[in-house]
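Numbering (the working numbering), first residue to last: 1 to 59. By construction, the Cβ of each residue, glycine as well, lies at the ideal position given by its N, Cα and C atoms. So the structure is just underneath, and the comments pick up after that.
Here it is in structure tokens:
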């Protein structure tokens with residue numbers, strides 16, 4: 001268990017998926033078949049964070 005998984009213990013059945021894309025990495029937090037949270041981490045250092053409307057994790 002890495003640090004990200006350890007911080008997600010409040011959620012049940014959470015998995016993390018990372019994909020390499022052309023100029024960035026995409027990291028997604030999933031539960032069942034729904035994406036709760038995704039982040040695009042660009043090679044230049046920019047980060048874009050997206051939250052599902054059903055997740056309600058970010059205020």
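Check, Outcome
"Cα-Cα separation between residue 15 and residue 35, rounded to whole angstroms", "10 Å"
"Residue 13 versus residue 20 - alpha carbon distance", "23 Å"
"Buried versus exposed call for residue 29 [16 or more other C-beta atoms within 10 Å across all chains shown]", "buried"
"Own chain partners of residue 40 with C-beta closer than 6 Å, once the 5 adjacent residues on each side are dropped", "24, 26 and 48"
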